[in-house]
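> Let me give you the structure first, and then I'll get to my questions.
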Amino acid sequence: MAKIILILLFFATNISISLGQDYNSLLNTIKFATKDKKLAEIKNIAKLQKKDIELLFNEIVSQQDVELLAETIPIIQSVIPPQKVLPSVVPILSSLQLQQEPVIQQKVTTVFSNYISYYKEDVYLTDFFKENILAETQSLQIKSFLINYLNFLPSTTAVTIIKQVYNKQDVIRLAVASVLCNFNDEETKNVLIEYLSDEIPEVQLQSIKSLIARKEWDVIPLILPKINNKFFGEQVKQLLLQINDISASKKFFLSLPIFSDVEIKKVCVIQSSKFCDVTFLPTYIELYLKEQNFELKQLLRKTIENYKIKDAENIFIAYLENKNLYNIIIPVLININSTSAIPYFIKIYPQLDLELKEKIEVFLKSCSDKEILYYLLPYVKTKDSQLRCLIISAICSFDNPVAYNTIEKEIDTTKNKKMLETIILSLTKIKNYQYQLMFTKLLIKKCYKKPDLLEKLLDQLQYIVNQPYKYSILLEDLVSLLEYKEPSIIEKSYSILQSVIKKSDLAEIRTIYSLVPLLSDKTKKML
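So, in structure tokens, the structure goes:
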């Protein structure tokens, strides 16, 4: 037994000597080494006994080096309680922190926050904050420093302290305005609202930042006038424009009728339209119609044009009655492929300028939805020749017997040269090649005495006969065109005839033999 005791004493003595050596080594490092060496070795404090840790901590505190303290506090956090840390550390951190680089400031904030959070239930810590913040004799520097960390205390304690100091000196109000961004109760919200009228611009600005951080969107109407503040107006504007929240968007929208100031209304329009809430659209349109300021009017126009969503379709259609909105609404409806707007487009078509007419023409000609055909058919007999041409051109896109019958009837009855040209230029859109052939034959006869139209028809036919179908039904018509007076028509007809013959069998080609005796010698030679 005696032997075992001696062995234990031996090891205890060695450990004690070893720890003593570690302590002395670290003490020398902290006292005399370079700062980089100190920062590198400081982590070894954790290996020491509590008594030695406290001694070394006192030495570090005596050097008043914020960076060194910031590295040490996390290491001693669970070892040294607040009563041995706060009285010595707070004066140093509060007096030196503002002189440090932003990175070190952030490190101090994080380290001290963690320490307070660790001991937030400690009675001494709570009392320390109360006494030092509320004491009339304590420096404003220490008071404001401690206020910045009130959010780590129990909420009721923190709010109690704030209520007693929020209306004190400038620096205190500024600190309170800053820390309140971390709270969410009604009492502290009211403090921030009161600060919006503070005599110090910095306090006003900080209260705005905190209210935004807390997402107190109902105070947006109180913040908006600050956009015109000569000291910090631009900062407030940027803070408001950075908000990206659907609830805030509604508050901005509700603020629109409250203000007449152009800059405020701009912010309200931009922010309220971020989420394209369709219920806001009629208001934007009405504001656009009434607005006199050019810049704001353009912003409203851009906002309206951004509603390229199907949900906005009916609202836009309802405003097609207003000619002042044609340039905005028609392109948007076309963009969202609004087939429901087609009857309205057709109705207002004669009133439109050339650019809008062209947009509608392109849109109608590109539509293939079968339902659209029944929007178009009632307008086939319209007296507006330009509109009739558009309708017929659009109808040519539909593979439908009703559409084909309408086109055939138009070819038979029309005397309008423009209409014939429209059908000719639409031939390539006809999906059924048999109808394509039938219409071509009808058009050759209809346009025989109109060289310019006939030439355009042949241009279209040149493209059509390159499709993988037989076009022998056109042989007789093409041969008859070889007798035409216009060289260009003869040339084009001959070229097309060659293409058709190549795709025809012998029996089909023989159908033109009976025509040969009736042809001129020149044409016979060509054949």
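Using the working numbering, read the sequence shown as starting at 611 and increasing by one per residue. The beta-carbon is built from N, C-alpha and C at its ideal position, and this holds for glycine as well.
1) Leaving out the 5 sequence neighbours to the left and right, which residues in its chain are closer than 6 Å to isoleucine 685 when beta-carbon positions are compared?
2) Please return the same chain residues whose Cβ sits closer than 7 Å to the Cβ of lysine 730, not counting the five positions on each side in sequence.
3) When we look at the beta-carbon of alanine 650 and count the other beta-carbons within 10 Å, is it buried (16 or more) or exposed?
4) When the Cα of lysine 975 is compared with those of Thr1032, Lys991, Val872 and Asn924, which residue comes out closest?
5) In terms of alpha-carbon separation, which member of Val676, Tyr984, Ser688 and Lys1112 lies closest to leucine 1085?
6) Are there three or more Cβ pairs, one per stretch, closer than 8 Å when the region 904-911 is compared with the region 939-947?
7) Have a look at valine 846 and aspartate 871 and give me their C-alpha separation to the nearest angstrom.
8) Sorted by chain position, which residues of the same chain lie with C-beta nearer than 8 Å to asparagine 742's C-beta, five sequence neighbours on each side aside?
9) So, with DSSP's three-state summary, where would you put leucine 806?
10) Among the residues of its own chain, which have a CB less than 8 Å from the CB of asparagine 1010, if the five just before and after it don't count?
11) Specify, as a first and last residue, the run of the alpha helix (DSSP H) that aspartate 1177 falls within.
12) Closer than 6 Å by C-beta to alanine 768: which residues in its own chain qualify, once you throw out the five before and the five after it? Chain order, please.
13) Would you report the Cα separation of leucine 1067 and glutamine 902, rounded to the nearest angstrom?
14) What residues in its chain sit with their C-beta under 6 Å from that of serine 1036, if we drop five residues either side in the sequence?
15) Can you give the Cα-Cα distance for glutamate 796 and threonine 770, rounded to whole angstroms?
16) Taking just the CA atoms, how far does leucine 1071 sit from leucine 1052?
17) Would you tell me roughly how many angstroms separate the C-alpha atoms of lysine 907 and lysine 876, rounded to the nearest one?
18) Starting from threonine 766, follow the alpha helix (DSSP H) in both directions and report where the run begins and ends.
19) Does the beta carbon of phenylalanine 890 fall short of 8 Å from some heavy atom of the ligand SAH?
20) So is threonine 1023 buried or exposed if we call it buried at 16+ other beta carbons inside 10 Å?
21) Could you give the distance in angstroms between the alpha-carbon of glutamine 673 and the alpha-carbon of phenylalanine 667?
22) For a minimum of 4 consecutive residues, which ranges assigned as the alpha helix (DSSP H) are wholly contained in the region 954-1032?
23) Just to confirm my understanding: we take serine 978, look at its own chain, exclude 5 residues before and 5 after, and list those with CB closer than 8 Å. What are they?
24) How long is the line joining the alpha carbons of aspartate 646 and isoleucine 726, rounded to whole angstroms?
25) Just to confirm the assignment, what range does the alpha helix (DSSP H) spanning threonine 720 have?
26) Based on Cα-Cα distance, which residue from Val1110, Tyr1094, Lys1060 and Lys920 lies nearest to proline 1078?
27) With a threshold of 6 Å on Cβ separation, who are the neighbours of glutamine 687 within its own chain once the five nearest residues in sequence on each side are excluded?
28) Please list, in chain order, all residues of the same chain as glutamate 677 whose beta carbon is under 6 Å from its beta carbon, the five residues on each side excluded.
29) Apart from the five residues on each side of it in sequence, which residues of its chain come closer than 7 Å, Cβ to Cβ, to leucine 616?
30) Tyrosine 894 to leucine 864, Cα distance in whole Å?
31) Measure the C-alpha to C-alpha separation of threonine 736 and valine 781 and round it to an integer number of angstroms.
32) Hey, out of Thr798, Ile810, Glu812 and Asn854, whose CA is closest to leucine 821's CA?
33) If you measure between the beta carbons of leucine 986 and isoleucine 956, is that distance less than 9 Å?
34) Taking the alpha helix (DSSP H) that glutamate 651 falls in, what are its first and last residues?
35) According to DSSP, simplified to helix, strand and coil, what is aspartate 780?
36) Which of helix, strand or coil does DSSP assign to aspartate 887?
Taking the geometry as given:
1) Same-chain partners within the cutoff: Ile655 and Ala656.
2) So the qualifying residues of the chain are Phe762, Leu763 and Pro764.
3) Classification for alanine 650: exposed.
4) Check the Cα spacing between lysine 975 and each of Thr1032, Lys991, Val872 and Asn924: the tightest is with Thr1032.
5) If we check each option's Cα against that of leucine 1085, Lys1112 comes out closest.
6) They do not touch, by the three-pair rule.
7) Straight-line Cα distance between these residues: approximately 15 Å.
8) Within the same chain, asparagine 742 has close Cβ partners Val700, Gln748, Ile752, Lys753 and Leu756.
9) Coil.
10) Around asparagine 1010: Lys980 and Leu983.
11) Residue 1177 cannot be examined here, being either before or after the span of the chain that is shown, 611 to 1137.
12) Taken in chain order, the residues that qualify are Leu760.
13) A direct Cα-Cα distance of roughly 52 Å separates leucine 1067 from glutamine 902.
14) So the list reads Ser1003 and Cys1006, once near-sequence residues are dropped.
15) Going from the Cα of glutamate 796 to the Cα of threonine 770 covers about 13 Å.
16) Straight through space, the alpha carbons of leucine 1071 and leucine 1052 are spaced by roughly 13 Å.
17) When rounded, the distance between both Cα atoms is 10 Å.
18) In the DSSP annotation of this structure, the continuous segment of the alpha helix (DSSP H) that includes threonine 766 starts and ends at 765-775.
19) Judged by which ligands are present, the structure shown has none, so any question about the ligand SAH falls away.
20) Of the other Cβ atoms in all chains shown, fewer than 16 fall within 10 Å of the Cβ of threonine 1023; this residue is therefore exposed.
21) Between the alpha carbons of glutamine 673 and phenylalanine 667 lies a gap of roughly 10 Å.
22) Runs found: 964-976, 980-986, 995-1005 and 1011-1023.
23) So the list reads Ser1007 and Phe1008, once near-sequence residues are dropped.
24) Cα-Cα distance, rounded: 27 Å.
25) Note, threonine 720: alpha helix (DSSP H), 712-728.
26) Looking at the Cα atoms, Val1110 is the closest of the given residues.
27) Hits under 6 Å: Tyr725 and Tyr728.
28) These residues qualify, in order along the chain: Ile714.
29) Residue placement at leucine 616 is poorly supported in this model, since its pLDDT is 44, which falls under 50; the coordinates still yield a value, given next. Closer than 7 Å at the Cβ level, and outside the excluded window around leucine 616, lies no residue.
30) So the two alpha carbons sit approximately 12 Å from each other.
31) The straight-line gap from Cα to Cα measures roughly 22 Å.
32) If we check each option's Cα against that of leucine 821, Thr798 comes out closest.
33) A distance below 9 Å separates the beta carbons of leucine 986 and isoleucine 956.
34) In this chain, the alpha helix (DSSP H) harbouring glutamate 651 covers 645-651.
35) DSSP, reduced to helix, strand and coil, places aspartate 780 within a helical segment of the structure shown.
36) Coil, per DSSP.
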